[in-house]
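Each residue of the sequence shown is one higher than the one before, starting from 32 at the first, in our numbering.
Virtual Cβ for every residue (Gly too), placed ideally from N, Cα, C.
Below you'll find the structure, written out as structure tokens, and then a few comments.
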Amino acid sequence: MRLTPRAPVRLARAIGPLLLAAAVAAPAVVATPVAAPSTSARTSAAEPDFPAYDSGYHNWTETVAEIMQAAADHPDIVKVFSIGKSYQGRDIWMAKVSDNVNTDEDEPEVLIDALHHAREHLTTEQALAILHWLSDDYGTDPTVTRLVDTRETFIVFALNPDGMRYDLTGDPFRAWRKNRQRTPSGTAIYTDLNRNYGYDWGCCGGSSANKSAETYRGPAPWSAPETRALRDFVNSRVINGVQQIRTHITLHTNGELILWPYGHTKTNVPRDMTVQDHDAFVALGRAMAARNGYTAEQSSDLYITDGDQIDWLYFQHRIFSFTFELYPTEKPTVWGDHYPDDSRIAAQTARNRSAILYLIDHADCPYAAVDAAAANRNCGPLYDDFELDRGWTRDPYGTDTATAGRWERGIPAPTSKSGPKQLAASSGQRALVTGAAAGSRPAANDLDGGRTTMRSRPVTLDADPAKVGQLSFYYLFAHAATSTSADLFRVQIEAQDGTRTTVFEQRGKPVDRDGAWTQVYLSIDAWAGQTVRVVVQAVDGGAGNLVEAGVDDVRIRR
Ligand code: 0X9
Ligand code: CA
Ligand code: ZN
Ligand code: CA
Numbered sequence: 032m033r034l035t036p037r038a039p040v041r042l043a044r045a046i047g048p049l050l051l052a053a054a055v056a057a058p059a060v061v062a063t064p065v066a067a068p069s070t071s072a073r074t075s076a077a078e079p080d081f082p083a084y085d086s087g088y089h090n091w092t093e094t095v096a097e098i099m100q101a102a103a104d105h106p107d108i109v110k111v112f113s114i115g116k117s118y119q120g121r122d123i124w125m126a127k128v129s130d131n132v133n134t135d136e137d138e139p140e141v142l143i144d145a146l147h148h149a150r151e152h153l154t155t156e157q158a159l160a161i162l163h164w165l166s167d168d169y170g171t172d173p174t175v176t177r178l179v180d181t182r183e184t185f186i187v188f189a190l191n192p193d194g195m196r197y198d199l200t201g202d203p204f205r206a207w208r209k210n211r212q213r214t215p216s217g218t219a220i221y222t223d224l225n226r227n228y229g230y231d232w233g234c235c236g237g238s239s240a241n242k243s244a245e246t247y248r249g250p251a252p253w254s255a256p257e258t259r260a261l262r263d264f265v266n267s268r269v270i271n272g273v274q275q276i277r278t279h280i281t282l283h284t285n286g287e288l289i290l291w292p293y294g295h296t297k298t299n300v301p302r303d304m305t306v307q308d309h310d311a312f313v314a315l316g317r318a319m320a321a322r323n324g325y326t327a328e329q330s331s332d333l334y335i336t337d338g339d340q341i342d343w344l345y346f347q348h349r350i351f352s353f354t355f356e357l358y359p360t361e362k363p364t365v366w367g368d369h370y371p372d373d374s375r376i377a378a379q380t381a382r383n384r385s386a387i388l389y390l391i392d393h394a395d396c397p398y399a400a401v402d403a404a405a406a407n408r409n410c411g412p413l414y415d416d417f418e419l420d421r422g423w424t425r426d427p428y429g430t431d432t433a434t435a436g437r438w439e440r441g442i443p444a445p446t447s448k449s450g451p452k453q454l455a456a457s458s459g460q461r462a463l464v465t466g467a468a469a470g471s472r473p474a475a476n477d478l479d480g481g482r483t484t485m486r487s488r489p490v491t492l493d494a495d496p497a498k499v500g501q502l503s504f505y506y507l508f509a510h511a512a513t514s515t516s517a518d519l520f521r522v523q524i525e526a527q528d529g530t531r532t533t534v535f536e537q538r539g540k541p542v543d544r545d546g547a548w549t550q551v552y553l554s555i556d557a558w559a560g561q562t563v564r565v566v567v568q569a570v571d572g573g574a575g576n577l578v579e580a581g582v583d584d585v586r587i588r589r
């Protein structure tokens with residue numbers, strides 16, 4: 032919908048790898064079905080296929096042809112490119128669906144992927160169905176039209192093409208799960224792609240170190256080219272410090288489940304998740320389950336996994352990431368339940384239409400699934416809980432003089448001297464603090480020697496002053512009784528023309544002041560229509576003063 036392309040810097044960066052891929056994927060705009068890349072493994076053999084009674088399923092070449100056909104039929108809204116190659120050298124195809132599809136517009140992004148696990152063929156059918164909803168119903172279905180116009184949806188149809196093909200070389204199937212990555216010696220080393228992601232890889236008894244096991248995690252995190260391709264694509268969607276992908280579904284079979292992170296722990300809200308995010312996961316999961324009749328739960332309620340995809344996507348990128356376990360409900364018996372008759376495909380993929388469109392819709396503001404208050408709180412132009420690097424710069428003006436305890440985004444270690452000084456984060460586990468480590472004694476890692484400054488990424492405020500939400504943040508400012516008014520904590524707004532205005536300031540006094548997270552709300556209506564930055568400063572104005580400052584949960588509300 033938005034015709035304004037993103038800033039040129041962003042275009043260059045974001046489209047670079049995609050253009051490269053698109054060049055390789057030149058047939059994307061041609062209707063002719065594209066042959067699967069040739070590999071030594073298949074030079075003589077016919078392309079593996081489903082048995083005749085299951086011909087409603089797409090094998091690998093049919094899947095690729097179908098994707099390419101959609102791009103040829105809808106060149107204005109569908110673009111196909113490869114995000115990398117499988118171990119055996121097949122392209123891992125991705126379709127982008129959006130209006131102005133060749134432009135990287137500033138629209139919330141959604142990622143959907145299928146077939147991590149070779150035998151889970153219904154997931155590829157589901158991904159193809161999504162591609163068809165979004166492209167064929169564009170212009171006729173008002174919801175689809177709106178979502179194509181206002182979102183950028185990226186779909187992977189088979190993350191594991193080698194395994195998908197191999198599974199069809201059995202009689203009739205092999206019930207294969209892993210990829211086809213093996214050592215030259217030929218020892219059976221294949222990797223469960225959904226145990227190979229790099230967050231808490233192998234941490235928690237949710238995968239196997241045994242090369243022959245179904246849940247073999249691989250020799251190292253990201254050892255599989257397929258997970259690396261997915262990782263690199265997701266990493267490439269961080270633009271100016273902000274991850275563009277907000278919601279995600281990975282499609283698996285089976286169980287009729289909607290699972291949210293984490294899988295590596297039974298704890299509902301561990302330190303590396305925030306309460307607000309957990310609330311949004313539960314609300315989104317339940318809302319989707321109400322639409323497709325699945326059961327929504329935390330993924331570890333099913334069983335513990337480590338190195339699984341959605342844990343990484345949430346932890347590393349704070350993407351609201353879900354595993355869908357498709358039809359049928361029975362727990363996998365390895366052979367039976369992954370191979371529903373092809374007569375089920377139409378109904379069982381259509382069943383998920385409203386749930387999946389709901390999550391695409393909520394890429395705009397996942398917190399809206401909780402309530403309007405959560406949406407207003409967290410979906411304004413700025414919301415930073417400091418759990419991720421979202422583009423703050425230290426010493427942006429080159430005027431800082433502090434010699435120690437400069438601002439850093441970290442896990443603050445509590446310290447105490449005549450009462451608490453530095454505190455654990457206000458939300459999640461990280462905050463912006465003056466020296467996160469405790470050090471050998473309370474005054475060992477506090478702010479010393481002068482000024483430290485941190486500046487946010489640029490944020491554009493609504494042109495209507497009535498619609499500029501308040502700036503809010505939690506702060507702490509603690510000092511010993513030796514403090515003077517030369518010690519300070521302040522927040523400024525840097526206007527578009529570079530001028531800075533102090534909107535909040537606390538100065539030191541010769542009293543012992545303990546650390547306490549305090550929330551502040553400030554009007555910034557004066558900057559309506561401007562692109563501004565938030566600046567936080569702390570100063571240790573006297574030799575040897577114990578001074579600690581912290582900031583968390585900076586918001587410009589809506
Ligand atoms: O084990 C998996 O990777 C997924 N199930 S499947 O039967 N398709 O293999 C489940 C992943 C979700 N995570 C957890 N259950 N922890
Ligand atoms: Ca668009
Ligand atoms: Zn699976
Ligand atoms: Ca935090």
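Are the C-beta of residue i and some C-beta of chain C separated by less than 8 Å?
i    : result
L454 : You won't find chain C in this structure, because it holds only one protein chain.
Return the bridge partner residues of residue i from the DSSP annotation.
i    : result
R277 : In DSSP, R277 forms no bridge with anything.
P371 : The partner list for P371 (beta bridge, DSSP) is empty, contrary to what the question assumes.
P451 : S447
V187 : M125, D144
R538 : L519
W438 : T465
Y506 : T549, V582
I270 : V273
Y414 : R586
Measuring only the C-alpha atoms, how far is residue i from residue j?
i    : j    : result
D130 : S166 : 10 Å
D518 : W423 : 23 Å
H283 : G560 : 45 Å
D223 : L142 : 21 Å
F264 : Q157 : 21 Å
P412 : P215 : 52 Å
V65  : H309 : Summary for V65: the model assigns pLDDT 42, below 50, so the residue's position carries little reliability; its value from the coordinates is reported in the next sentence. For V65 and H309, the distance between alpha carbons rounds to 43 Å.
N225 : A511 : 51 Å
V313 : E579 : 36 Å
L178 : G170 : 11 Å
D392 : A83  : 38 Å
S117 : I186 : 16 Å
A526 : V490 : 10 Å
Y505 : V582 : 6 Å
S86  : E78  : 14 Å
L492 : D231 : 38 Å
A219 : V95  : 28 Å
Q379 : L288 : 13 Å
A400 : R408 : 13 Å
D402 : A318 : 12 Å
Pick from the options: whose alpha carbon is nearest that of residue i?
i    : options                : result
L199 : D80, L507, D584, I524  : D80
S330 : R488, E361, K297, D583 : K297
D339 : G236, R437, N383, I387 : G236
I161 : F417, M125, P192       : M125
A497 : R349, W558, H369       : W558
N90  : P250, D193, L507, A244 : D193
A444 : L463, A467, G480       : A467
I533 : D368, V567, Q212       : According to the sequence provided, residue 533 is Thr. The question's Ile does not apply to it. It is V567.
R182 : A456, K448, H279       : H279
S267 : T336, Q460, Q347, T562 : Q347
G233 : G217, T218, W253       : W253
R262 : A318, Y345, G201       : Y345
F112 : N476, T174, T354, D122 : D122
At a cut-off of 7 Å, is residue i close to ligand 4 when judged by its beta-carbon and the heavy atoms of the ligand?
i    : result
D584 : yes
Within the present structure, is the beta-carbon of residue i separated from the nearest heavy atom of ligand 1 by less than 7 Å?
i    : result
N225 : yes
T354 : yes
T336 : yes
L153 : no
L178 : no
Please indicate yes or no: does the CB of residue i lie closer than 7 Å to some heavy atom of ligand 3?
i    : result
H283 : yes
H148 : yes
May I ask you to check if the CB of residue i is nearer than 7 Å to at least one heavy atom of ligand 2?
i    : result
D495 : no
N131 : yes
E140 : no
Where does the unbroken alpha helix (DSSP H) through residue i begin, and where does it stop?
i    : result
S330 : 330-333
A226 : Rather than Ala, the amino acid found at residue 226 in this sequence is Arg. No alpha helix (DSSP H) holds R226; DSSP gives it neither H nor E.
From which residue to which residue does the beta strand (DSSP E) around residue i run?
i    : result
S352 : 351-357
Y197 : Counting along the chain, Y197 falls outside any beta strand (DSSP E), though it belongs to the alpha helix (DSSP H) covering 192-198.
Q568 : 562-570
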